[in-house]
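Chemist: There's a structure below that I have some questions on.
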Amino acid sequence: MKKSKWLVGILVLVLALSLVSLLTACGEEEETTTTAGPMTTAAGSTTTAGPTTTAAPQPVELKFSTAVGTKYSLWGAYLEPWYKAIEASSNGLVTITAYPDNTLVKEEQQYDALLDGTADIGVVEPDYNPGTFPITEVGGLPLLFPNAGVASDVFYDIVQEYCLDELKDVQVLGVTVLSAAHYAGTKPVKVPADFKGLRMRTGAALETDIINALGATPVEIATGDMATSMERKMADGAFLTWSFMFVTGAPDWATNWTECELFYRCWVTAMNKDKWNSLAPEQQQAFLDNSTKEKCREYNLANDALAAGPRETFKGMGSAPGKSFYTLTAEDRALWKEAMTPVYQKWIDKLPDGVDGQAILDRIHELVAAATPASTTTTTAAADAGIQFEDLGNGKVHITVVPGPGQKFDVSTEGGFAQKIEAFDASGKSLGLLELPEAAAGVLDYSKIAGIAKIVVTDVPHGNVEYEYVIPAAAGIQFEDLGNGKVHITVVPGPGQKFDVSTEGGFAQKIEAFDASGKSLGLLELPEAAAGVLDYSKVAGIAKIVVTDVPHGNVEYEYIVP
0 MKKSKWLVGI LVLVLALSLV SLLTACGEEE ETTTTAGPMT TAAGSTTTAG PTTTAAPQPV
60 ELKFSTAVGT KYSLWGAYLE PWYKAIEASS NGLVTITAYP DNTLVKEEQQ YDALLDGTAD
120 IGVVEPDYNP GTFPITEVGG LPLLFPNAGV ASDVFYDIVQ EYCLDELKDV QVLGVTVLSA
180 AHYAGTKPVK VPADFKGLRM RTGAALETDI INALGATPVE IATGDMATSM ERKMADGAFL
240 TWSFMFVTGA PDWATNWTEC ELFYRCWVTA MNKDKWNSLA PEQQQAFLDN STKEKCREYN
300 LANDALAAGP RETFKGMGSA PGKSFYTLTA EDRALWKEAM TPVYQKWIDK LPDGVDGQAI
360 LDRIHELVAA ATPASTTTTT AAADAGIQFE DLGNGKVHIT VVPGPGQKFD VSTEGGFAQK
420 IEAFDASGKS LGLLELPEAA AGVLDYSKIA GIAKIVVTDV PHGNVEYEYV IPAAAGIQFE
480 DLGNGKVHIT VVPGPGQKFD VSTEGGFAQK IEAFDASGKS LGLLELPEAA AGVLDYSKVA
540 GIAKIVVTDV PHGNVEYEYI VP
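Numbering of the sequence shown is given in numbering that gives the first Met the number 0, commencing with residue 0 and proceeding in unit increments.
In structure tokens, the structure reads:
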């Protein structure tokens, strides 16, 4: 009996040890085949993290949708080069498939497509989304800007200062500005009273307000239906860019053209917000680098330059019997401006509560004044009674003659008034006589004349009266007012070159301040660390700053303190 109890005890002990061994083995096997969750560390204990790696950004394919067609100048001069530049600078990280001419969605659906992700990139046209962008619509108001370059710069600033809240559902990239809209129609018009009884095509609410203010009857015609509708005489006229007139067949349906620069259409390029946030920093930078204020101006000026050819064609057609081409005089323009008063007020009245529309308009006038160089001077006669100069950018100036009230013509096409055009450098040395080709219709290209500082047009038949055109500062040193007594000074030594004077110096070596009487207030210093920013806020009585480019002939560039 004792022996059997002893054997049972041994058996129980063996079974117990076997069970412990089995459980241990099972535990080890489970530990090697499962993955632990996030580790938490108790207070006071220490852990050593492994090395972290950042995954390389993956290439992305984006859809770019716009109502602008491939046959329009805005496509070839701006939108296509813009998106291709983004692709190129992304080093293969961004590929963009373009859908121009409403091929992805219709014109009125472009913004909605941007919101819902049907399109990744698009052009926001405020005038085709009535009520959605009441502030941004300001870019389409009449007679605000003197040229496309100024319109681009000013609208860019206005968007940044006033419009980002109503554009908060998209990522704003840049701005596009169509060339100025001019009149094409079946009846000659010079002043607002001439519009009485005319049916004028309209494509948007703001354009309708403009037409009503002129005393005409608006007729709604979609952009895509323009050519057919105008041929069928559904309207008597339209306000279009010179380039778009060709697209819509204006040489066939119109007999009269009036150069009035009535309005510029200012739009915003943007991206779907979620798509933007999903991009890697390198991909976002490719967009930002190609959508700066300077880049937008460059593209917009390239587009505007394409208007010169069509303009001359219509000008030539206007000389035929039964047809006319007319350019507004200063007196005409004043009447048009007065007629637009209700349009400005209606825009102000439609703004949300708390938005001061008049303050925005005042800011636009301030920016326009700062961005427009005073480039016309005369030696013996007022500009409105002699020769006028209009800077077209890219080294071109349009020269017209005003021999008397109500008379105006291009010096190259109706000559005899001005018989001598001479170029001078900054020291006053003559660079020789210049020729204005007959085909140029008043447009003189001086971009290839090295060292040119001014052009003097001499009216030989009328007493050798001289009219000077000073080459704008945009060809050398540029100024950007930053507010609070600061101005950003940059240098443009040649095409495609631009740098801050303080960081890559040697170009501008003298900066001097003057009061309103012209008295010098002494030289100013531009700190190396300022990256081109000059603080003049503590200079009492300062009225202007003169930057002298010493190494390149002591060329002087003036900045008038606002």
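Built from N, CA and C at the ideal position, the CB exists for glycine as well.
Can you confirm whether residue 255, when its beta carbon is compared against all beta carbons of chain C, has any partner nearer than 8 Å?
Modeler: Protein chains in the displayed structure number just one, and chain C is not present.
Chemist: What separation, rounded to the nearest whole angstrom, lies between the Cα atoms of residue 197 and residue 104?
Modeler: When rounded, the distance between both Cα atoms is 33 Å.
Chemist: For residue 281 and residue 100, I'd like the C-alpha separation in whole angstroms.
Modeler: Approximately 30 Å, taken between the alpha carbons.
Chemist: If you draw a straight line from the C-alpha of residue 395 to the C-alpha of residue 468, how long is it?
Modeler: Approximately 12 Å between the Cα atoms of the pair.
Chemist: Would residue 522 pass as a contact of residue 510 if the rule is Cβ separation under 8 Å?
Modeler: Their beta carbons are under 8 Å apart, which means residue 522 touches residue 510 by this criterion.
Chemist: Taking the beta carbon of residue 69 as the centre, do at least 16 other beta carbons fall within 10 Å, making it buried, or is it exposed?
Modeler: Exposed, by the Cβ-count rule.
Chemist: Would you call residue 231 buried or exposed, if buried means 16 or more other Cβ atoms sit within 10 Å of its Cβ?
Modeler: Counting Cβ neighbours within 10 Å, residue 231 comes out exposed, since fewer than 16 surround it.
Chemist: Alpha carbon to alpha carbon, how far is residue 132 from residue 334?
Modeler: Going from the Cα of residue 132 to the Cα of residue 334 covers about 29 Å.
Chemist: Among 182, 121 and 453, which one has its Cα closest to the Cα of residue 420?
Modeler: Per the Cα distances, 453.
Chemist: From 310, 561 and 259, pick the residue whose C-alpha is nearest to that of residue 536; which is it?
Modeler: It is 561 whose Cα lies nearest to the Cα of residue 536.
Chemist: State the beta-bridge partners of residue 265 as determined by DSSP.
Modeler: Beta-bridge pairing links residue 265 to 176.
Chemist: Can you tell me whether residue 557 is helix, strand or coil according to DSSP?
Modeler: Here residue 557 sits in strand by DSSP.
Chemist: Which of helix, strand or coil does DSSP assign to residue 154?
Modeler: Residue state, collapsed to three classes: helix.
Chemist: Taking three-plus beta-carbon pairs below 8 Å as touching, is the segment 112 to 122 in contact with the segment 303 to 323?
Modeler: No, the segment 112 to 122 does not touch the segment 303 to 323.
Chemist: Pop quiz: residue 532 and residue 520 are said to be a contact at Cβ under 8 Å. What is the actual Cβ separation, rounded to whole angstroms?
Modeler: That pair is no contact at about 19 Å.
Chemist: Pick out the complete alpha helix (DSSP H) segments inside the segment 105 to 175, 4 residues or longer, and give them in chain order.
Modeler: Correct list: 109 to 115 and 147 to 157.
Chemist: I need the straight-line Cα distance from residue 172 to residue 320, nearest angstrom please.
Modeler: Roughly 48 Å separates the two Cα atoms.
Chemist: Are three or more beta carbon pairs between the segment 164 to 178 and the segment 282 to 301 nearer than 8 Å?
Modeler: Yes, the segment 164 to 178 is in contact with the segment 282 to 301.
Chemist: Report the residue ranges of all alpha helix (DSSP H) runs contained in full by the segment 205 to 232; include only those spanning at least 4 residues, in chain order.
Modeler: DSSP runs (the alpha helix (DSSP H)) wholly in the segment 205 to 232: 225 to 230.
Chemist: Using a Cβ-Cβ cutoff of less than 6 Å, which residues in the same chain neighbour residue 275 once the five nearest sequence positions on both sides are dropped?
Modeler: If we look at residue 275 and ignore the five residues flanking it on each side, its Cβ neighbours are 170.
Chemist: Could you name the residues of the same chain whose beta carbon sits closer than 6 Å to that of residue 336, not counting the 5 residues immediately before and after it, in chain order?
Modeler: So the qualifying residues of the chain are 142.
Chemist: Let me know the secondary structure DSSP gives residue 200 once reduced to three states.
Modeler: Here residue 200 sits in strand by DSSP.
Chemist: Give me, in chain order, the residues of the same chain whose beta-carbon lies closer than 7 Å to that of residue 73; leave out the 5 immediate sequence neighbours on both sides.
Modeler: The residues are 67, 175, 177 and 302.
Chemist: Where does residue 541 fall in DSSP's three states?
Modeler: Looking at residue 541 - three-state DSSP - the assignment turns out to be coil, as it is neither helix nor strand.
Chemist: Less than 8 Å between the beta carbons of residue 253 and residue 199, yes or no?
Modeler: It is not a contact, given that the beta carbons lie outside the stated cut-off.
Chemist: So, at 6 Å on beta carbons, what are the nonlocal neighbours of residue 559 in its own chain, with the 5 sequence-adjacent residues on each side left out?
Modeler: Closer than 6 Å at the Cβ level, and outside the excluded window around residue 559, lie 543.
Chemist: In three-state DSSP terms, what is residue 298?
Modeler: Helix at residue 298.
Chemist: Quick check on the DSSP output: the beta strand (DSSP E) that includes residue 77 runs from which residue to which?
Modeler: Element bounds for residue 77: n/a, residue is neither H nor E.
Chemist: Just the Cα atoms here: how many angstroms apart are residue 434 and residue 308?
Modeler: Spanning the two alpha carbons is a distance of roughly 19 Å.
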